[in-house]
Amino acid sequence: MPSRFQGACALYVAVALVLGAFAGGNSALAATHTTTNFVVTAPSDDIARRVANCAEYWRRELALQWLEEPLPNWFRPCPISVKVGQIGAGGQTTFTFENGEVFGWKMQVQGTLERILDSVIPHEVNHTIFASYFRRPLPRWADEGAATLFEHESEQARQNHLLNQVFNTSRKIPLKNLLAIREYPEDMQDVLTLYAEGYSLAGFLVGSKGEQGRKTYLKFLDDAHKIGWDKSIARHYGYNSVDELEQRWSSWIVAGSPAPVHNPGEKLAQQSQPAGEKLMASNAQPEYVIRSQSPSDTPAVTAANRTTDSMQSIPRSLRTARAANAGADSDAPLRTAELSRPGVRTASHEVAEADGENTKPVRPRPPATLSPTAQGIDTNLNAEHYSFPDARR
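In terms of mature numbering (1 follows the signal peptide of the UniProt record, and there is no 0), the sequence shown is residues -30 to -1, 1 to 363.
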């Protein structure tokens, strides 16, 4: 759906993780479950409850990861529409910036229930965390890349595979161009490349600063908006220019994107999930699917024909260590070192029964230094919309 400037001070934004089109559903949305910050409509009571509780979990967890404190409850809950089936996993989240506020949340998610819970919900909820913090649109790579850091390893492996495919070709987006992209490209291959490069760059930057990685990433994006990319890169990462950052990032990719080790004694976390969302090992070969407009039109890249991909799942080292001493009944993320092959799972999962906090909803206040209508760096001044392309809704 197109997003429009509303008067002089309102901006309606659509951000998404959509790997298949939102086609008409074949099951009625008949059940609703409400928590403090979400109202979920889904095909069954059980699915609605699990998605709502999962969204509450990730809203709190991601705020702690990025902001080191929970967000205040929203003034109104965010509606989530859920479509479950053997369809391309993805989602879309819309909201409005106006007068220093962000509101009007609305979310659509689709896919298998497993993928909705372990990838789509954390990705889409991460967009709401960034919108609540920055109160303005971000460069597409920065927003989508950061959100992908919290997807399941199999989704991250797909991004790495796509990056390998374009890295030494003309399809690769040069870093100076990537940083300046404010609108999603019209060409689907360029959109896929933006996602893959954004995920890799976000992982490189966040991982390079250890425990301060997420905080530094937010400061870097804030300063880049004020003083430009070169100065912000130098201030926060020590590279003299965008070109120097691109050289170091490219070398890291060529080396296989090794996960940084800042504390040799720290166990690297694998996929974080709410308590009860068990990840199980499987001997099945994973299939990475590049989804386009329709699942029926998508070419599959399977284990039999994909190239060897030595890239590791960088976000393992970015996840919180808070679960290390958590009890069995805790809803902190679980460590799953028993996985024999990352990103491959069987069995259904349960979501922690954790509704939102029972505190009075308030409108979160924006940082005083941010303008709600600022368009950021190198925006397209002729653009009258800020919308995800039709092909990926």
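Ideal placement from N, C-alpha and C gives every residue a C-beta, glycine not left out. Here the structure is a predicted model, which is why all the values come from computation and not from measurement.
Two segments are said to touch when three or more pairs of C-beta atoms, one from each, lie closer than 8 Å; by this definition the segment 130 to 143 does not touch the segment 176 to 191.
Sequence-distant partners of Trp75 (beyond 5 residues in either direction) whose C-beta falls short of 6 Å from its own C-beta, in its chain, are Cys48, Phe65. DSSP places Thr63 inside the beta strand (DSSP E), whose first and last residues are 60 to 68.
Under the DSSP assignment, Ser220 falls in the alpha helix (DSSP H) whose first and last residues are 212 to 224. For Gly74, the enclosing beta strand (DSSP E) covers residues 71 to 81. Under the DSSP assignment, Ser51 falls in the beta strand (DSSP E) whose first and last residues are 48 to 54. With respect to the 8 Å criterion, His122 and Asp88 are classified as neighbours on the basis of their beta carbons.
In the DSSP assignment, His93 forms no beta bridge with any residue.
A direct Cα-Cα distance of roughly 20 Å separates Glu214 from Asp192. Excluding its 5 nearest sequence neighbours in each direction, Ile151 has C-beta neighbours in its own chain below 7 Å: Pro109, Arg110, Trp111, Leu164, listed in chain order.
Contact between Gln35 and Gly60 does not hold, since the beta-carbon distance rounds to 22 Å and is not under 8 Å. Cβ contact annotation for Trp199 (same chain, cutoff 6 Å, sequence separation greater than five): Leu149, Val212, in chain order.
His122 sits in coil when the DSSP states are folded into three classes, being neither helix nor strand. Remark: C-beta atoms of Gly168 and Glu94 do not approach each other more closely than 8 Å. One thing to note: Ala25 has its Cβ no nearer than 8 Å to the Cβ of Ala12.
For Phe174, the three-state secondary structure derived from DSSP is helix. Contact check for Leu119 against Ala194 fails: the beta carbons are separated by 8 Å or more. Excluding the 5 residues flanking it on each side, Gln78 has same chain C-beta neighbours closer than 7 Å at Phe(-9), Ser51, Gly61, Gln62, in chain order.
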